[in-house]
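Reading through the structure tokens given below for one structure.
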Amino acid sequence: MRIYRTFGAARLLAFGLCLLLAACKVELHSGLDQRDANEIMAILLKNGISASRSIAKDKTLTVVVEEERFAEAVDILQAHSLPREKFNDLCSVFTGEGMISSPIEDRARLICALSQELSRTISEIDGVMSARVHVVLPENDLGRSKAKPSSASVFIRHHEDAPIDKLSPQIKMLVANGIEGLVYDKVSIAMVPVISPVEIATSSNDYTTVAGLWVHTTSALRARFTIYLLVALLLAALGANGYLYWQWRLRPSRPTPSAAKHLPAE
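So the sequence shown is numbered by the working numbering: it starts at 2 and just counts up by one.
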């Protein structure tokens with residue numbers, strides 16, 4: 002009976018430890034794709050915030066953090082504009098899944114294909130973080146004496162130390178030659194240098210030692226309690242093993258079958 006009580010107490014402590022560890026995690030963002038989840042995890046870990054992710058039934062990812070550092074994690078993600086807002090582009094609107102496509106849908110898919118091809122080409126330039134090309138192909142009527150010219154606008158986000166400004170003429174020429182009927186002067190470029198966000202500085206006062214391990218001050222109490230529970234589980238397991246060994250030593254030895262034949266009959 003004492004053995005079962007000992008093991009029951011150990012199981013109760015283990016269950017309490019699991020509940021404690023599970024209750025300390027809160028959901029930060031859900032419904033994320035692989036790219037957004039990786040960016041969030043990288044930023045949080047870079048700023049010293051422990052985070053983990055899990056896969057939902059719909060194959061999306063959920064990022065969880067410690068409850069004490071939830072507000073700090075939200076501030077860090079807002080400073081980095083994460084997770085990124087999702088927008089519907091022209092390609093997703095006109096997918097062409099219908100049986101019959103209209104001329105408007107065919108024209109929209111053509112414009113989308115041209116925009117994406119040029120955007121991908123510009124994105125391969127060293128120093129460019131992202132690029133978007135918006136193409137305007139007016140519908141010119143054959144009866145009109147003067148046709149409307151095509152135009153394009155290019156938006157480029159690049160690292161602040163990358164000399165992308167010097168490549169502006171080459172980029173305009175690339176876009177003009179990639180679209181039929183587009184001239185050099187009808188291409189406009191907007192370049193935005195991206196300044197790396199300032200990381201939140203952490204001083205040595207934000208961390209303390211618990212059993213020789215450096216932990217954040219907000220997690221020190223939980224870390225101590227977790228260590229105490231682990232020590233209690235270890236002591237309970239050692240006590241149970243010692244009790245079983247002591248009971249085994251006190252158990253009377255039974256004679257072997259060969260020795261039982263030579264025992265005097267009563």
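Cβ atoms here follow ideal geometry from the backbone N, Cα and C, with glycine treated the same way.
Task: Supposed close pair residue 66, residue 57 - CB separation, criterion 8 Å - done: Residue numbering aside, residue 66 sits at position 65 when the sequence shown is read from its first letter. Residue numbering aside, residue 57 sits at position 56 when the sequence shown is read from its first letter. Residue 66 to residue 57, Cβ: 17 Å. No contact.
Open item on the list: I need the straight-line Cα distance from residue 51 to residue 78, nearest angstrom please.
Closed with: Numbered from 1 along the sequence shown, position 50 holds the residue referred to as residue 51. Numbered from 1 along the sequence shown, position 77 holds the residue referred to as residue 78. C-alpha separation (whole angstroms): 14 Å.
Open item on the list: Here's the rule: buried if 16 or more other CB atoms are within 10 angstroms of the residue's CB, otherwise exposed. What is residue 183?
Closed with: Taking the first residue of the sequence shown as 1, we reach residue 183 at position 182. Note on residue 183: 16 or more other CB atoms within 10 angstroms of its CB, so buried under the neighbour-count rule.
- [ ] Could you spell out the range, first to last residue, of the beta strand (DSSP E) harbouring residue 272?
- [x] Absent from the structure is residue 272, since the part of the chain shown begins at 2 and ends at 267.
TODO: Grab me the residues of residue 38's own chain with a C-beta within less than 7 Å of its C-beta, minus the 5 sequence neighbours each way, in chain order.
DONE: In the sequence shown, residue 38 corresponds to position 37, counting from 1. Closer than 7 Å at Cβ, skipping near neighbours: 54, 62 and 64.
Task: Residue nearest to residue 83 in terms of C-alpha spacing, selected from 107, 36, 106 and 112 - done: Indexing the sequence shown from 1 puts residue 83 at position 82. Nearest option by C-alpha distance: 36.
Task: Unbroken alpha helix (DSSP H) run spanning residue 78, endpoints - done: Taking the sequence shown and counting its residues from 1, one reaches residue 78 at position 77. Run containing residue 78: 71-80, per the alpha helix (DSSP H) assignment.
Task: As assigned by DSSP and simplified to three states, the class of residue 251 - done: Along the sequence shown, read from residue 1 onward, the residue named residue 251 stands at position 250. If DSSP states are grouped into helix, strand and coil, residue 251 belongs with the helices.
- [ ] If I'm right that residue 134 touches residue 151 with Cβ under 8 Å, what's the distance once you round it to whole angstroms?
- [x] Here residue 134 refers to the residue found at position 133 of the sequence shown. Here residue 151 refers to the residue found at position 150 of the sequence shown. In fact, because the Cβ distance is near 12 Å, the residues do not count as touching under 8 Å.
TODO: Please report how far the alpha carbon of residue 231 lies from the alpha carbon of residue 246, in whole angstroms.
DONE: Numbered from 1 along the sequence shown, position 230 holds the residue referred to as residue 231. Numbered from 1 along the sequence shown, position 245 holds the residue referred to as residue 246. Distance between residue 231 and residue 246, taken at the CA atoms: about 23 Å.
- [ ] Please look up how many angstroms separate the CB atoms of residue 155 and residue 190, rounded, as I've assumed it's under 8 Å.
- [x] The residue you call residue 155 lines up with position 154 of the sequence shown. The residue you call residue 190 lines up with position 189 of the sequence shown. So it is a contact: roughly 5 Å between Cβ atoms.
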